Amino acid sequence: MFPLGLFGWYLIQLRIKYKFMLWVDDLPFPSVPILLTIFFFSGLFGLYFLLFSKEKKEDEYIRKIRLESFQFATLVQILFLTYSFIRLAFMKDPPRDHELMLFVKTLFVFWLCYIIRFNFIMLRNRLRIRNEK
Amino acid sequence: MKNNVKELRGEKGMTQSELADELGVSRQTIFAIETSMYVPSTVLALKIAKIFKKKVEDIFELENKDK
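Top line first, the protein sequences correspond to chains E and D. Position 3 of the first sequence, counting from 1, maps to -7 under my numbering, and the rest follow consecutively. Count along the second sequence from 1, then add 20; that gives the number in my numbering.
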């Protein structure tokens, strides 16, 4: 649900720049915003399902890894925002929907960093305990 | 903080999974405690001590860097 939603949303966004799927624009008026909304929120809800799914045994160590992953994601988000604002300040002709895209990117940077970091630590631990008795 | 959970588990002939099941935690937690990657909470330390019938301070020991 998450990759499909995100991919669909991104594809519709890119259609103007790379001139494909232009048949979407021939649909009656509210179709494009509705399609975009459906794809975006299905992606977002898919992401939230992924985030809030629990491990088989959700104990104190896993909660600690979750907390550290949140801290890591927050740090990355702050760095990303700082970089984006500095870039925006020096941009001569910023795109029209720059603020909206920045908001969406910031949202996804946070949650993706959290998921990647959390699952990386879990996978590393699983590989390490494979040889233990 | 160092501990001798691995040695005590070996003496009792328990596997990580068995100890994890008795404590109600994941096997990853036992691995993390044994390799000193994670310092357990007081409740979990007391549960471990109860299973091995030892005092907490006999299992967990402060290192010089902790003092």
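Backbone N, C-alpha and C define an ideal beta-carbon position, used for all residues, glycine too. This one's a predicted model, so the numbers in the text were calculated from it and none came from an experiment.
Counted as a single uninterrupted DSSP element, the alpha helix (DSSP H) harbouring E:Trp101 occupies residues His88 to Ile119. Per DSSP, reduced to three states, the secondary structure at D:Asn84 is helical. Interface with chain D (8 angstroms Cβ-Cβ cutoff): E:Arg56 is excluded.
If you draw a straight line from the Cα of E:Val66 to the Cα of E:Leu97, it comes to about 11 angstroms. The alpha-carbon of E:Leu37 is positioned some 44 angstroms away from that of D:Asn84. Per DSSP, D:Thr35 is not a residue of any alpha helix (DSSP H), being assigned neither H nor E. In this structure the region 21 to 35 of chain D does not lie against the region 60 to 74 of chain E, because fewer than three pairs of beta carbons, one per stretch, are closer than 8 angstroms.
Straight through space, the alpha carbons of E:Trp(-1) and D:Thr35 are spaced by roughly 48 angstroms. Contact between D:Val76 and D:Ala69 holds, since their C-beta atoms are separated by about 5 angstroms, short of 8 angstroms.
Under the criterion of beta carbons closer than 8 angstroms, E:Arg107 and E:Ser43 do not qualify as touching, at roughly 16 angstroms. Under the Cβ criterion of 8 angstroms, E:Asn115 is counted among the residues facing chain D. Comparing alpha carbon positions, the residue from D:Ile79, D:Arg47, D:Glu81 and D:Glu31 closest to E:Asn121 is D:Arg47. When Cβ-Cβ separations below 8 angstroms define contact, E:Arg120 makes no contact with chain D. Boundaries of the alpha helix (DSSP H) harbouring E:Ser21: Ser21 to Phe42, taken from the DSSP string. The Cβ atoms of E:Leu(-4) and E:Gly33 sit closer than 8 angstroms to each other.
For E:Tyr104, no chain D residue has a C-beta closer than 8 angstroms to its own C-beta; the minimum C-beta separation is roughly 18 angstroms.
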